[in-house]
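Some notes on the structure that comes next.
Numbering (the numbering used here), first residue to last: 915 to 1007.
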């Protein structure tokens, strides 16, 4: 019985999904994200800044969008909470 349990454990470990890694450092709920998206859509200056930063520093555009979101949320939220480094995508550390 112990042998079967050890085999099952090894099999189950292979099928377990990796923990989700976040690309945003500031913890936000859906209302915070909606506020950010509304602000971004209404501000041509923010969109221009995102495009300029993306052209110079981020060829894929993902890091720039996450950075601008984090900056906005850090200023917008009364008490912003940061994610633990272990919960972050390694490309964002």
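Positions of the beta carbon are idealized from the N, C-alpha and C atoms, including for glycine. From a predicted model like this one, the values you see are computed outputs, not experimental measurements.
Hey, quick one: how far does the alpha helix (DSSP H) through residue i stretch, first residue to last?
| i | result |
| --- | --- |
| residue 953 | 944-956 |
| residue 1003 | First-last for residue 1003: undefined, no H or E at that position. |
| residue 972 | Counting along the chain, residue 972 falls outside any alpha helix (DSSP H), and DSSP gives it neither H nor E. |
Assign residue i to one of two classes, buried (16 or more other C-beta atoms within 10 Å of its C-beta) or exposed (fewer than that).
| i | result |
| --- | --- |
| residue 962 | exposed |
| residue 983 | buried |
| residue 996 | exposed |
| residue 980 | buried |
Kindly list the residues whose CB is nearer than 6 Å to the CB of residue i, restricted to its own chain and excluding five residues on each side of it in sequence; keep chain order.
| i | result |
| --- | --- |
| residue 1006 | 937 |
| residue 1001 | 936 |
| residue 950 | 983 and 986 |
| residue 960 | 954 |
Who are the near neighbours of residue i in its chain, counting only those whose CB is closer than 7 Å to its CB and skipping five residues on each side?
| i | result |
| --- | --- |
| residue 999 | 1007 |
Sufficient close CB pairs (3 or more, under 8 Å) joining the stretch 932-942 to the stretch 981-995: yes
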